[in-house]
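Presented below is the structure to which this report refers.
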Amino acid sequence: MTEWDANPNPQPCDRTSTPEDEVLHDMGFFGHFLYWHAGGRGGKNVILGRLLEHDGRLPQRELLERSHISSAALSEVLSKLESEGLITRTRSEADRRQLDIVLTDEGAQTARQMLARKEAFERDSLSVPTQDEKIELRDLLKRVRDHWERQGYVGRETSCRNNSRA
Numbered sequence: 001m002t003e004w005d006a007n008p009n010p011q012p013c014d015r016t017s018t019p020e021d022e023v024l025h026d027m028g029f030f031g032h033f034l035y036w037h038a039g040g041r042g043g044k045n046v047i048l049g050r051l052l053e054h055d056g057r058l059p060q061r062e063l064l065e066r067s068h069i070s071s072a073a074l075s076e077v078l079s080k081l082e083s084e085g086l087i088t089r090t091r092s093e094a095d096r097r098q099l100d101i102v103l104t105d106e107g108a109q110t111a112r113q114m115l116a117r118k119e120a121f122e123r124d125s126l127s128v129p130t131q132d133e134k135i136e137l138r139d140l141l142k143r144v145r146d147h148w149e150r151q152g153y154v155g156r157e158t159s160c161r162n163n164s165r166a
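Under UniProt numbering, the very last position in the sequence shown is 166; numbers go up by exactly one each time.
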């Protein structure tokens, strides 16, 4: 009988945490934090960054492929960026049926500032562990990720793995 069985109306705080609970809770915190504070998956910062990586111009179809978001979500983000004066949409010179997404001067400046903040976060966020501890953490996380993939826990989000550095 577990402590959950002993109490017919358990509250989360009634349960003793296991190391697994604590690790998964912390992973959830980090995932949430990174999603909301480090650009998410396809928000404005990600789109600006993708454009900056490609000299400020990408065909909309290629931007969609590189962003790993739906066409509708990309259209919504592009509309917001366009209304803020950060991008323009122009007909492609190579194929008039296609739209090129182009950073404006203000968009390029915003993207560079965002990139500088992201790089500072990346440097500072893992400044506490030693280099050896970072390597150990990377290796542990890779083992867990590989296990999750073998177990079938991972689905559509594997497309992000193509961007991994490990």
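Think of the CB as a built atom: it goes at the ideal place given N, C-alpha and C, for glycine as much as any other residue.
Of the listed residues the options, nearest to residue i (C-alpha basis)
i: Met-27; options: Gly-155, Arg-145, Arg-96, Gln-151; result: Arg-145
i: Leu-58; options: Leu-78, Ser-17, Tyr-153; result: Leu-78
i: Ile-47; options: Lys-80, Leu-24, Leu-34; result: Lys-80
i: Ala-108; options: Leu-34, His-54, Leu-24, Phe-30; result: His-54
i: Leu-86; options: Ser-125, Gln-113, Phe-30; result: Gln-113
i: Glu-84; options: Arg-61, Gln-60, Glu-106; result: Glu-106
i: Glu-119; options: Gly-49, Thr-16, Phe-30; result: Gly-49
Inter-residue spacing [alpha-carbon to alpha-carbon] between residue i and residue j
i: Leu-64; j: His-37; result: 22 angstroms
i: residue 206; j: Leu-140; result: In the structure displayed, the chain extends from 1 to 166; residue 206 sits before or after that span and is not available.
i: Glu-22; j: His-68; result: 30 angstroms
i: Leu-126; j: Lys-134; result: 8 angstroms
i: Thr-130; j: Arg-96; result: 53 angstroms
i: Arg-165; j: Phe-121; result: Interpretation of Arg-165 is limited by its pLDDT of 41, a score under 50 that renders its predicted location unreliable; the figure taken from the coordinates is listed afterwards. Near 17 angstroms, if we compare the C-alpha coordinates of Phe-121 and Arg-165.
i: Ala-72; j: Thr-16; result: 44 angstroms
i: Tyr-153; j: Arg-143; result: 14 angstroms
Exposure label - residue i; buried when at least 16 CB within 10 Å
i: Thr-18; result: exposed
i: His-147; result: exposed
i: Lys-44; result: buried
i: Ala-111; result: buried
i: Leu-24; result: exposed
i: Leu-74; result: buried
i: Asn-162; result: Confidence at Asn-162 is low in this model, with a pLDDT of 45, below 50, so the placement of that residue should be treated as unreliable; the coordinate-derived value is given next. So Asn-162 ends up on the exposed side.
Strand pairing of residue i, partner residues [DSSP]
i: residue 204; result: Since the first and last residues shown for the chain are 1 and 166, residue 204 lies out of range.
i: Arg-91; result: Leu-99
Sub-8 angstroms separation of residue i and residue j beta-carbons
i: Leu-103; j: Arg-89; result: no
i: Leu-115; j: Leu-34; result: no
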